[in-house]
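What follows is a single structure, written as structure tokens, with notes after it.
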Amino acid sequence: SVVALRHQGDLAKGVVTLPEILNKEGYNTVCVGFRGNPAARGFKEYIDYEGWGADSTGRSPKAENLNKVALPKLKELASSKKPFFLFLRHMDPHSPYLPPHPFERIFYGGNEFDPKNKSMNPVFQFKPFCDYFATWMPPGVTDKEYINAQYDGAVAYMDACIQTIFTALENYGILDDTIVVINSDHGETLYDHECWFDHHGLYDCTLHVPLIIRYPSKVPAGRAIDGYCLHHDLVPTLLDLADIPVDIKFDGSSLVPMMLGKVPSQSCELYITECTWMRKHGWRTPEWKLIVALEPDFHFKPEVELYNLIEDPEEYNNLAESCPDVVAYLRGRMEAWIAKREKETGLTDPIFTQGDWHGHAGIGAFKTSQQAYDTLHIGNPEQAAKLQAESRK
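The opening position of the sequence shown corresponds to residue 27 in our numbering, with each subsequent residue numbered one higher.
So, in structure tokens, the structure goes:
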């Protein structure tokens with residue numbers, strides 16, 4: 027029943043996690059990184075390490091810092107006779123986008139302080155986030171492409187740090203015997219949809235995440251698959267690849283048949299939800315996306331959004347008013363799926379029961395977008411002012 031970023035409770039007791047399954051199979055299970063997510067339950071060992079902060083240069087080598095903790099543990103696990111599951115919660119390229127040198131400039135060659143460029147004005151005028159942005163964006167920056175380049179640099183930096191892990195696996199002689207999965211929990215909205223350098227909203231730039239699996243004995247190398255899959259397919263996939271049979275009815279399915287070209291895709295109709303900065307849900311098909319706000323959001327967006335993903339893949343032309351029949355059809359599909367799921371689980375869809383999901387006790391659902399805009403906030407204005415002043419010395 028966990029939907030909101032501010033978790034409304036632990037996982038249900040009957041839910042079995044991957045490390046709990048692997049523990050019973052004799053695996054050493056270790057998680058390195060932020061421990062706050064309820065889904066982290068079950069590891070034999072946790073190394074709680076966040077590494078969010080900047081160094082003396084004002085840059086944040088988050089991935090290298092975590093690797094310094096993780097690689098010695100990997101060496102220890104590799105030398106053991108037991109199989110292991112090592113879960114690394116790397117934070118790059120999560121904001122703040124502060125990749126270390128030279129990654130901060132490799133995708134940008136302009137003048138980030140050009141006074142003629144006004145593209146950052148709406149970013150710093152967005153009251154809910156402006157104080158947070160001021161804690162890490164250079165004071166006086168005017169060009170949004172500079173911030174975009176910081177994100178791209180953080181991705182490239184993360185790639186380099188992943189290579190370090192591959193090199194370690196190769197040095198230990200276990201690279202081809204190890205299932206390596208690279209995945210993420212969300213995408214990112216940079217300058218998209220006025221969601222300003224974050225990852226909220228139900229647009230594809232946030233919904234779409236990378237999934238790379240390497241295991242030469244069973245996974246075809248270099249193959250890109252166009253079909254659909256969801257996070258809940260990962261556990262059955264890993265158990266399938268590891269030849270571990272379990273008597274569990276998973277929500278997801280193994281992706282191995284897709285990898286081998288035996289089936290084109292998992293389900294191509296998806297229920298989508300968001301309950302971090304706004305409370306919305308929707309229904310996505312290969313052609314259409316419906317987004318329905320369950321309360322007004324702080325971006326003053328309409329209650330219902332409809333996009334033709336074939337003709338408008340970036341989702342800027344809202345067709346809700348001009349295509350009411352499509353809205354009704356997709357809403358019906360969504361509501362039927364919710365009813366089916368509620369019957370299967372005996373639970374109410376948690377998107378309807380989050381209460382003070384926004385962290386402001388007693389407010390409940392926002393009545394207007396203005397109320398949401400005036401209430402929601404991230405960042406410390408005093409810290410932002412201090413950092414801005416120090417950066418000008």
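Cβ coordinates follow ideal geometry from the N, Cα and C atoms, glycine included.
Counted as a single uninterrupted DSSP element, the beta strand (DSSP E) harbouring C57 occupies residues 54-58. When DSSP states are grouped into helix, strand and coil, F111 belongs to the strand group. Counting along the chain, T299 sits inside the beta strand (DSSP E) bounded by residues 296-301.
E340 sits in coil when the DSSP states are folded into three classes, being neither helix nor strand. In the three-state reduction of the DSSP assignment, L48 falls in the helix class. In the same chain as P328, and ignoring 5 residues on each side of it, the C-beta atoms closer than 8 Å to its own belong to A319, N344, A346, in chain order. Secondary structure of H258 (DSSP, three-state): helix. The DSSP-derived three-state label of I404 is coil. Within the stretch 131-192, the alpha helix (DSSP H) runs of at least 4 residues that lie entirely inside it are, in chain order, 147-150, 153-160. Shown here, E370 sits in a helix according to DSSP, grouped into three states. Cβ-Cβ distances below 6 Å link V149 to W222 in the same chain, with the five nearest sequence neighbours on each side left out; the list follows chain order. Just so you know, the alpha carbons of W383 and K244 end up roughly 42 Å apart. The same chain holds no residue with a CB closer than 6 Å to that of G358 once the five nearest residues on each side in sequence are set aside. When DSSP assignments are scanned along the stretch 70-107, the uninterrupted stretches of beta strand (DSSP E) that are 3 or more residues long and fall wholly within it turn out to be 71-73. The three-state reading of DSSP puts G68 in coil, since its state is none of H, G, I, E or B.
Here the alpha carbons of D118 and L316 stand approximately 30 Å from one another.
If you look at V282, you'll find it in the alpha helix (DSSP H) that goes 282-285. Note that the stretch 323-339 touches the stretch 384-396; at least 3 beta-carbon pairs, one per stretch, sit closer than 8 Å.
Contact between the stretch 157-165 and the stretch 99-112 is absent: fewer than three C-beta pairs spanning the two stretches fall below 8 Å. Between the beta-carbon of L335 and that of W314 there is about 6 Å, and that keeps the pair under the 8 Å contact cut. Using a Cβ distance threshold of 8 Å, V181 and N209 do not count as a contacting pair. Bounds of any alpha helix (DSSP H) do not take in L237; it lies within the beta strand (DSSP E) bounded by 237-240. G388 and V58 have their C-alpha atoms some 36 Å from each other. Rounded to the nearest whole angstrom, the C-alpha separation of K94 and A354 is 53 Å.
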